[in-house]
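To start, the structure itself, in structure tokens.
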């Protein structure tokens, strides 16, 4: 391998002091995973080639945000054809919906997605209005099943996801199985529909059937920021955050929360900057042994926020999460979320609200303030 072979990306960093988007080229070397950065405006090196182990190749795709030395960089395009050819082949996108009737199995579906080598890059739990459902399924208007389809889609919250990966459209469709329940059970007995579909209307999941429909459907759900209101109730609720390092285990974590009897009433993927992360963790400044590590991890990439409700949600979630230090959790609470999935004090699998008095404020921070 050529030691200088690299993938290069056009990225921007928002300089809040100057109120400017500053352009850079971020390069990732294939031989040893080093990185370097070029200051485009001034045409000079900004960061010399050096190791940066926390940045993974899987994090590098157009639309994502990554953090390098405390700077949050948005990847806006590929710098050259060599990079574009590789990543476009590996980063096809499709829309996936977890339909009404599947609430108890949300985590299982997400686990299947991860096992298939697909990545969830955007996600929101939402409720469709009748008008939204009719617009989304406009191609089926006039068909005998249309009215039942619309009624089903507006009956409960759904989970919309943008998936990315090699041949994502066909990979997700194989995972779903045939549209009809009986056919799915005969032809694809391990598919999601074979396992979970109630009938041909409540058939568990939806997926785009072509690149054109994927583009249209992704734009419908994720091309209008803030269009779909949050499903958060802000009543008797507490917060769970699943940060970047735990996203490979997102489905397992959600399954565990549901199995323990909690109600997940809102769910959304966010990308936060360093300032918002510092604001959220302000109460830990000077108290937590690795406050800066928490801030850095929270702003290093996507994070999934959950509103979890119940009479004693805050206290019981703390127990489920386990001690904040995963090393201690593995000893005294090995079945806790941190005991199973935590890596370090800063990368301790999940954030849960520590104090009852903070629960409402934390939920509002994510599901109100960050959505404005």
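Numbering (the UniProt record's numbering), first residue to last: 1 to 372. For glycine and all other residues, C-beta sits at the position ideal for the given N, C-alpha and C. Predicted model, so just to flag it, every value in this text is computed and none were measured.
C-alpha gap between residue i and residue j, whole angstroms
i           : j           : result
residue 356 : residue 236 : 10 Å
residue 108 : residue 289 : 35 Å
residue 52  : residue 27  : 11 Å
residue 36  : residue 178 : 46 Å
residue 100 : residue 125 : 11 Å
residue 55  : residue 14  : 19 Å
residue 87  : residue 64  : 13 Å
residue 132 : residue 110 : 24 Å
residue 16  : residue 78  : 25 Å
residue 93  : residue 169 : 7 Å
residue 20  : residue 189 : 54 Å
residue 263 : residue 141 : 34 Å
residue 268 : residue 232 : 10 Å
residue 154 : residue 130 : 6 Å
residue 331 : residue 253 : 19 Å
residue 117 : residue 275 : 32 Å
residue 208 : residue 119 : 16 Å
residue 317 : residue 371 : 24 Å
Beta-carbon gap between residue i and residue j smaller than 7 Å
i           : j           : result
residue 339 : residue 333 : yes
residue 309 : residue 353 : no
residue 166 : residue 72  : no
residue 297 : residue 243 : yes
residue 113 : residue 11  : no
residue 299 : residue 329 : no
residue 102 : residue 219 : no
residue 97  : residue 18  : no
residue 206 : residue 347 : no
residue 49  : residue 59  : no
residue 373 : residue 197 : As shown, the chain starts at 1 and ends at 372. That puts residue 373 outside it, with no answer to give.
residue 222 : residue 139 : no
residue 164 : residue 121 : yes
residue 57  : residue 31  : no
residue 281 : residue 295 : yes
residue 152 : residue 230 : no
Boundaries (first-last residue) of the alpha helix (DSSP H) holding residue i
i           : result
residue 102 : It is not in any alpha helix (DSSP H) - residue 102 carries neither H nor E in the DSSP assignment.
residue 293 : 291–298
residue 314 : 313–321
residue 57  : Where residue 57 is concerned, there is no enclosing alpha helix (DSSP H), given that its DSSP letter is neither H nor E.
residue 259 : 250–259
Beta-carbon separation (whole angstroms), residue i vs residue j, contact threshold 8 Å
i           : j           : result
residue 234 : residue 364 : 7 Å
residue 350 : residue 123 : About 16 Å; that fails the 8 Å criterion.
residue 238 : residue 171 : Contact doesn't hold; Cβ gap of about 35 Å is too wide.
residue 306 : residue 256 : Incorrect: roughly 12 Å between the Cβ atoms, too far for contact.
The beta strand (DSSP E) enclosing residue i, as first and last residue numbers
i           : result
residue 124 : 119–126
residue 307 : 303–309
residue 158 : 158–165
residue 75  : 71–78
residue 202 : No beta strand (DSSP E) contains residue 202, which DSSP labels as neither H nor E.
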